[in-house]
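One structure is given here, and the rest of the page talks about it.
Protein chains: 2
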Amino acid sequence: MLDHRGRLDRLFHALADSTRRDVVERLVRGPASVSELAGSHSMTLQAVMQHLKVLEACGLVRTEKVGRVRTCALRPEGLRLAEGWLSGQRTGWEDRLDRLGELLEPDS
Amino acid sequence: MLDHRGRLDRLFHALADSTRRDVVERLVRGPASVSELAGSHSMTLQAVMQHLKVLEACGLVRTEKVGRVRTCALRPEGLRLAEGWLSGQRTGWEDRLDRLGELLEPDS
DNA sequence: CCAATAGTCAAGTAATCGCTTGAGTATCCG
DNA sequence: CGGATACTCAAGCGATTACTTGACTATTGG
Numbered sequence: 001m002l003d004h005r006g007r008l009d010r011l012f013h014a015l016a017d018s019t020r021r022d023v024v025e026r027l028v029r030g031p032a033s034v035s036e037l038a039g040s041h042s043m044t045l046q047a048v049m050q051h052l053k054v055l056e057a058c059g060l061v062r063t064e065k066v067g068r069v070r071t072c073a074l075r076p077e078g079l080r081l082a083e084g085w086l087s088g089q090r091t092g093w094e095d096r097l098d099r100l101g102e103l104l105e106p107d108s
Numbered sequence: 001m002l003d004h005r006g007r008l009d010r011l012f013h014a015l016a017d018s019t020r021r022d023v024v025e026r027l028v029r030g031p032a033s034v035s036e037l038a039g040s041h042s043m044t045l046q047a048v049m050q051h052l053k054v055l056e057a058c059g060l061v062r063t064e065k066v067g068r069v070r071t072c073a074l075r076p077e078g079l080r081l082a083e084g085w086l087s088g089q090r091t092g093w094e095d096r097l098d099r100l101g102e103l104l105e106p107d108s
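Printed below as a string of structure tokens:
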């Protein structure tokens, strides 16, 4: 329950960087190796690896090394957790507006 | 369209702090003054104001000063934008899995 | 009027971030 | 074998973050 807090912290922090979001968008289309991911971002391989570490730490990405290639894949549960918090807030807000509306116009 | 990138950066960054998420959760229940928000967070008023500035800059919160009190309210559009990106990725992922499944089991 | 209240401006600080360079190590191919 | 490939480890660095303290302004209630 309190881990939830830190989990969301790490999750939203991970998503707050467009390079990392690009990685996620790429991995939605299927797994990729580290150098494959680095290819499209004019940035050193090491930098991409650091981003990958962040994505892995928050549970958004799973990686596995086979031979000399590390293959990265998406883990959608993280996305769902963040989505859940967001939609919870939004619907909470909408419910409140509905109740306010009913107070002003008590028909329907 | 390119502003979208920076907008999501700021949005997710704003949500990556649990104090700021607390503020959002509070504002879902209705508007509040700055000191009201500061009350529950053992932290100076100034710190809370800085968080508020972040929330305002990314469009999640709207504030208005009347007399000597500044009243803060939620703006749900930001939530919707972030939610949209997240669900886009998730459904992209699910569609891909569906297509994979059809390849393996070509019935239905 | 005047003190308490509510917020504001500015500067300083320790920690973290995103990225780099440089120097490995392990695997694979010819 | 030997060179190319694919990472990995570590240190450093400028920028940004999340606060703090301290001083100041504008309202408001008695």
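Residue numbers (the numbering used here), protein chains in the order written: chain W, 1 to 108; chain U, 1 to 108.
Quick reminder that beta carbons are idealized off the backbone N, C-alpha and C, glycines included.
For Leu81 of chain W, the enclosing alpha helix (DSSP H) starts and ends at 76 to 104. When only Cα atoms are considered, Leu86 of chain U and Gly101 of chain W end up about 30 Å apart. Asp17 of chain U is a Cβ neighbour of Asp9 of chain W, given a cutoff of 8 Å.
Distance between Leu74 of chain W and Gly88 of chain U, taken at the CA atoms: about 14 Å. The C-beta of His41 of chain W comes no closer than 8 Å to any C-beta of chain U. Residue ranges of uninterrupted alpha helix (DSSP H) with 4 or more members, entirely inside the region 7 to 34 of chain U and ordered along the chain, are 18 to 28.
DSSP, reduced to helix, strand and coil, places Arg5 of chain U within a helical segment of the structure shown. Ranked by Cα distance from Pro31 of chain U, the options U:Glu105, U:Gly84, U:Cys72 are led by U:Cys72. Boundaries of the alpha helix (DSSP H) harbouring His51 of chain W: 45 to 57, taken from the DSSP string. DSSP places Arg62 of chain W inside the beta strand (DSSP E), whose first and last residues are 61 to 66. The bridge partners DSSP lists for Ala38 of chain W come to none.
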